[in-house]
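> This is the structure, below, for whatever I ask next.
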Amino acid sequence: MRIVVLVKYVPDALERGFALDLAVDREVEGVLCELDEYALEVARRAREQHGGEVVALTMGPPDADEAARRALQLGADRAVHVEDPALHGSDALATSRVLAAAVQAIGAVDLVVTGTSSTDAGTSLVPAMVAARLRLPVLLSAARVEVEERTVRIRRDTDDETLVLVGELPAVVSVSDRSDPALYPTARVAMAARRKSVETWSLTTLGIDPAVVGAAGSGTAVRSVTAVPARAAGRILHDDGHAGEHLAAFLAELELAP
Amino acid sequence: MSDVLVLVEHDGTSATRSGAELLTLARSWGDPVAVLVGPADGDLCDQVAGHGARVLVAEPQDPDALLAGPVAALLAALVAAGDVVAVLLPSSVDGTQVAAALGVALDSGVITRAVGVDAALVATISAFAGSYLTTCQVTRGIPVLTVALGASDADPTIRVSAVAPIHVDLPADPATRVRVLSRTPRAVTGRPDLAAASVIVAAGRGLAGDLGPVEDLADALGAAIGGSRAAVDAGWLPHDVQVGQTGKTVAPQLYIAAGISGAIQHVAGMRSARTIIAINSDPGAPIFDIADLGIVGDVFAVLPQAAAAVRARAL
Ligand SMILES: Cc1cc2nc3c(=O)[nH]c(=O)nc-3n(C[C@H](O)[C@H](O)[C@H](O)COP(=O)(O)OP(=O)(O)OC[C@H]3O[C@@H](n4cnc5c(N)ncnc54)[C@H](O)[C@@H]3O)c2cc1C
Ligand SMILES: Nc1ncnc2c1ncn2[C@@H]1O[C@H](COP(=O)(O)O)[C@@H](O)[C@H]1O
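Residue numbers (the working numbering), protein chains in the order written: chain E, 1 to 258; chain Z, 1001 to 1315.
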């Protein structure tokens, strides 16, 4: 079974900001999107059960290599990094075009596993867009995933109901953070991962016209960004044995309780 | 005037709150056309038409299948056939799936999770755990937008519509078919709904598995109970009450964070609460940076005393 995991290199949560062209600032320290680790774990287990290989696929700036390397430590057998200056400013529509082409180039893929949303752009569009471009069944927001020989079955919990969905392979599955977290890599796995190399592909490798990606190939544009003012800290009270009573008095003052 | 397609989620007899909000919003740009998927009774159709919308009921030919793919195909066909200025969808998982597939089918830009949309179809989006607001516009094709709950108010005025609902077939798509094996409704808790609650008491890892003190204070205040991902992952609380980046975004009058450190991903979901109270034994906990009242103390002492004091004041 060949499983592709889509992993994104995202800015570290404490360093996030926007560049002058209003794109997400990608010059800062970055990490493998934490939510994509759940996808890697699903893929690793499916390979353990069925054999085959797990290919991590990322599209991003040169530093996105780090996300690819991290994916190798978390169980991927191979890692592919699509990198091209023309990709800067790609939205979900453009990104999905590239990722779908890369999945096709990897070839003979049985399952594509993704996170539910990236922690920077966070559109949650890429998984279903990749599936739409490849004309594959898509099962989103899985809290549990069972991969069988020919099918994949997921459980999705929403506010109103629990759904069990099944689709035929090849399929695309997005995995939520209610699924099992990735195992911390053992020293042996980490060492082995270090010896592997990341394959770097360009738009030329994929035969994609630069005009259909990047800002020019996108369907959306950011017009403005505004920092939300931080909340000010209020009163701090050290419990002297009466803090619960003070809390109740504070609520009464604000007319939030009797 | 041009049409605005609106995907209205419903349970067969009434539209969701999102449906009413989207139908109201749609009128800013054109005539709303409501697409209802699956069996829709007369009351539901009247209710939707009462928002000034033409009603289109899509009858699934493959009712066991997940319908997002076929719905996207239907919406794409409607866009191709008519004069459509925008497509509005709910911010649900299904709504997002339809939006994604529709964007690809139309080669149109898609914006998700809009918390506001102005007259020029410029959407406001919250970014980076609520620390930024961005405005974003579709630059190619027919704008496809998913809109968050509460992004606009639903207009309660009833409009009379003389147009009868139109029924169309929603054809199956074998190549991308996903079958729904089961649907199990969630149990109702009897507590106020988190998303709509005006008071929330939220539990974190500091409760160490004993939710008693949080329930006690929530009962005294008539509050909903929320939780951090740590509390939810530990199994102390159901997943649907998680507050934060991968949980719910709430904006109650009062949010009491008990034994919650205040990680950026948690704060993302509750930073717009009117008043925040935090109880934490660690004076350095980041939650104190955003709390209107911060109590450095033990939740097991402070919460029961607060609950008793609230009850005593009510007498
Ligand atoms: C991509 C991503 C998405 C995430 N999404 C979410 C999300 O949606 N929601 C969310 O909540 N988290 C989310 N997280 C996790 C988040 O980063 C934190 O790990 C989580 O919020 C911590 O929960 P906590 O505050 O309950 O636990 P901790 O951080 O462990 O804090 C427990 C607090 O309790 C205090 N405490 C302990 N004992 C007592 C006592 N007896 N009395 C008083 N105080 C006590 C401690 O001082 C500590 O501050 C996400 C993380 C990532 C990477
Ligand atoms: N540039 C990218 N490279 C690889 N995977 C991506 C990329 N962007 C998005 N994804 C995948 O799509 C998921 C949803 O991302 P998004 O649509 O940006 O919210 C992520 O969790 C990843 O699995």
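Even glycine gets a Cβ: it sits at the ideal position worked out from N, Cα and C. Note that the structure is predicted; figures quoted are calculated from it, not measured.
Using only the alpha-carbon positions, how far apart do residue 92 of chain E and residue 1224 of chain Z sit?
The residue given as residue 92 of chain E occupies position 92 in the first sequence. The residue given as residue 1224 of chain Z occupies position 224 in the second sequence. The alpha-carbon atoms of residue 92 of chain E and residue 1224 of chain Z are separated by roughly 36 Å.
> What do you reckon, is the C-beta of residue 35 of chain E under 7 Å from a heavy atom of ligand 2?
By one-based count along the first sequence, residue 35 of chain E stands at place 35. For ligand 2, at least one heavy atom lies less than 7 Å from the Cβ of residue 35 of chain E.
> For residue 1169 of chain Z and residue 1083 of chain Z, which I take to be in contact (beta-carbon distance under 8 Å), what is that distance rounded to the nearest angstrom?
Taking the second sequence and counting its residues from 1, the one referred to as residue 1169 of chain Z is at position 169. Taking the second sequence and counting its residues from 1, the one referred to as residue 1083 of chain Z is at position 83. Their Cβ separation, rounded to whole angstroms, is 23 Å, which puts residue 1169 of chain Z and residue 1083 of chain Z out of contact at 8 Å.
> With distance defined between alpha-carbon atoms, name the residue in Z:1288, Z:1261, Z:1042 nearest to residue 231 of chain E.
Sequence index remark: in the first sequence, residue 231 of chain E carries index 231 (1-based). Of the candidates Z:1288, Z:1261, Z:1042, the one whose C-alpha sits nearest the C-alpha of residue 231 of chain E is Z:1288.
> At the level of alpha carbons, what is the spacing between residue 111 of chain E and residue 173 of chain E?
For the purposes of this step, residue 111 of chain E is taken as residue 111 along the first sequence, with counting starting at 1. For the purposes of this step, residue 173 of chain E is taken as residue 173 along the first sequence, with counting starting at 1. Rounded to the nearest angstrom, the two C-alpha atoms are 8 Å apart.
> Quick check: is the beta carbon of residue 244 of chain E nearer than 8 Å to any beta carbon in chain Z?
Sequence index remark: in the first sequence, residue 244 of chain E carries index 244 (1-based). Closer than 8 Å to some Cβ of chain Z, the Cβ of residue 244 of chain E qualifies, so yes.
> At 4 residues or longer, what runs of the alpha helix (DSSP H) sit wholly inside the stretch 19-80 of chain E?
The stretch 19-80 of chain E contains these whole alpha helix (DSSP H) runs: 34-50, 65-73.
> So that I know if they touch, is there some Cβ in chain Z lying closer than 8 Å to that of residue 107 of chain E?
Translated into positions along the first sequence, residue 107 of chain E becomes position 107. It does not; no Cβ of chain Z falls within 8 Å.
> In the DSSP output, which residue or residues are listed as bridge partners for residue 1003 of chain Z?
On the second sequence, position 3 is the one that residue 1003 of chain Z refers to. In the DSSP output, where bridge partners are listed per residue, residue 1003 of chain Z has Z:1031, Z:1084.
> CA-CA distance, residue 208 of chain E and residue 86 of chain E?
Looking up residue 208 of chain E in the first sequence gives position 208. Looking up residue 86 of chain E in the first sequence gives position 86. Approximately 10 Å, taken between the alpha carbons.
> Evaluate residue 1041 of chain Z with the Cβ neighbour count: other Cβ atoms within 10 Å of its Cβ, from every protein chain shown; 16 or more gives buried, anything less gives exposed.
Position 41 of the second sequence holds residue 1041 of chain Z. Label assigned to residue 1041 of chain Z: exposed.
> Starting from residue 235 of chain E, find everything on chain A with Cβ-Cβ shorter than 8 Å and list it in chain order.
No chain A appears in the structure shown, which is made up of the protein chains E and Z.
> Ends of the alpha helix (DSSP H) at residue 96 of chain E?
The residue labelled residue 96 of chain E in the question sits at position 96 within the first sequence. Note, residue 96 of chain E: alpha helix (DSSP H), 92-106.
> First and last residue of the alpha helix (DSSP H) that includes residue 158 of chain E?
Start at 1 with the first residue of the first sequence, and residue 158 of chain E comes out as number 158. Premise fails: residue 158 of chain E is in no alpha helix (DSSP H) and is neither H nor E.
> Got a sec, what are the start and stop residues for the beta strand (DSSP E) residue 114 of chain E sits in?
Stepping through the first sequence from its first residue, residue 114 of chain E is reached at position 114. Taken as a continuous stretch (DSSP letters only), the beta strand (DSSP E) holding residue 114 of chain E covers 111-115.
> Note down, one range per segment and in chain order, each alpha helix (DSSP H) of at least 4 residues found wholly within the stretch 1093-1128 of chain Z.
Runs found: 1093-1106.
> Just to make sure I have the definition right: I need the residues of chain Z whose C-beta is within less than 7 Å of the C-beta of residue 144 of chain E. Which are they?
In the first sequence, counting from the first residue as 1, residue 144 of chain E sits at position 144. Per Cβ cutoff of 7 Å: no residues; residue 144 of chain E is ~12 Å from chain Z at best.
> Taking 8 Å as the CB-CB cut-off, is residue 238 of chain E touching chain Z?
Position 238 of the first sequence holds residue 238 of chain E. Yes, because at least one Cβ of chain Z sits closer than 8 Å to the Cβ of residue 238 of chain E.
> Closer than 7 Å to a non-hydrogen atom of ligand 2 - does that hold for the CB of residue 111 of chain E?
Numbered from 1 along the first sequence, position 111 holds the residue referred to as residue 111 of chain E. It does not: the Cβ of residue 111 of chain E is nowhere closer than 7 Å to a heavy atom of ligand 2.
> Using a Cβ cut-off of 7 Å, pull out every chain E residue sitting near residue 1255 of chain Z, in sequence order please.
Locating residue 1255 of chain Z in the second sequence gives position 255, counting from the first residue. In chain order: nothing, as chain E lies at least about 11 Å away.
> What are the boundary residues of the alpha helix (DSSP H) that includes residue 130 of chain E?
Counted from its first residue, the first sequence places residue 130 of chain E at position 130. Counting along the chain, the alpha helix (DSSP H) containing residue 130 of chain E begins and ends at 126-134.
> Considering only DSSP beta bridges, list what residue 1248 of chain Z is partnered with.
As a working note, residue 1248 of chain Z is residue 248 in the second sequence. Looking at the DSSP assignment, residue 1248 of chain Z forms a beta bridge with Z:1243.
> Where does residue 1175 of chain Z fall in DSSP's three states?
Walking along the second sequence from the start, residue 1175 of chain Z turns up at place 175. Three-state result, residue 1175 of chain Z: helix.
> Across which residues does DSSP place residue 1269 of chain Z in a beta bridge pair?
Within the second sequence, the letter at position 269 stands for residue 1269 of chain Z. Paired residues: none, contrary to the question.
> Express the C-alpha separation of residue 1264 of chain Z and residue 1080 of chain Z in angstroms, rounding to a whole number.
As a working note, residue 1080 of chain Z is residue 80 in the second sequence. As a working note, residue 1264 of chain Z is residue 264 in the second sequence. Between residue 1080 of chain Z and residue 1264 of chain Z, the C-alpha separation is close to 43 Å.
> Spatial neighbours of residue 141 of chain E within its chain, please: CB distance less than 7 Å, with the 5 preceding and 5 following residues excluded, ordered by chain position.
For the purposes of this step, residue 141 of chain E is identified with residue 141 of the first sequence, where counting begins at 1. Same-chain partners within the cutoff: 116, 156, 174, 176.
> Taking only three categories from DSSP, how would you classify residue 1060 of chain Z?
Looking up residue 1060 of chain Z in the second sequence gives position 60. It is a strand residue.
> Taking residue 124 of chain E as the query, report the chain Z residues whose CB atoms sit under 7 Å from its CB, ordered along the chain.
In the first sequence, the residue the question calls residue 124 of chain E occupies position 124. The contacting residues are 1096, 1112.
> Please state if the CB of residue 121 of chain E and the CB of residue 1100 of chain Z are separated by a distance shorter than 8 Å.
Sequence index remark: in the second sequence, residue 1100 of chain Z carries index 100 (1-based). Sequence index remark: in the first sequence, residue 121 of chain E carries index 121 (1-based). For residue 1100 of chain Z and residue 121 of chain E, no; Cβs fall outside 8 Å.
> Residue 1069 of chain Z and residue 1108 of chain Z look like a contact to me (Cβ under 8 Å); what is the Cβ gap, rounded to whole Å?
Residue mapping note: residue 1069 of chain Z aligns to position 69 of the second sequence, counting from 1. Residue mapping note: residue 1108 of chain Z aligns to position 108 of the second sequence, counting from 1. 17 Å between Cβ atoms; not a contact.
> Taking buried to mean at least 16 other C-beta atoms within 10 Å of its own C-beta, is residue 1270 of chain Z buried or exposed?
On the second sequence, residue 1270 of chain Z is found 270 positions in, with the first residue counted as 1. Answer is buried; the Cβ neighbour count reaches 16.
> According to DSSP, is residue 1023 of chain Z part of a helix, a strand, or is it coil?
As a working mapping, residue 1023 of chain Z is identified with position 23 in the second sequence. DSSP places residue 1023 of chain Z in helix when its eight states are reduced to three.
> Using a Cβ cut-off of 8 Å (strictly closer), state whether residue 1221 of chain Z contacts chain E.
By one-based count along the second sequence, residue 1221 of chain Z stands at place 221. Residue 1221 of chain Z counts as touching chain E.
> Can you give me the C-alpha to C-alpha distance between residue 1147 of chain Z and residue 211 of chain E, rounded to a whole angstrom?
Taking the second sequence and counting its residues from 1, one reaches residue 1147 of chain Z at position 147. Taking the first sequence and counting its residues from 1, one reaches residue 211 of chain E at position 211. Roughly 30 Å separates the two Cα atoms.
> Please list the partners that residue 166 of chain E has in chain Z, where partner means a Cβ-to-Cβ separation under 9 Å.
One-based indexing of the first sequence puts residue 166 of chain E at position 166. Those within 9 Å of residue 166 of chain E in chain Z are 1178, 1179, 1180, 1181.
> Looking at residue 70 of chain E: is its Cβ nearer than 8 Å to the Cβ of residue 32 of chain E?
Walking along the first sequence from the start, residue 70 of chain E turns up at place 70. Walking along the first sequence from the start, residue 32 of chain E turns up at place 32. Yes, the Cβ-Cβ distance between residue 70 of chain E and residue 32 of chain E is below 8 Å.
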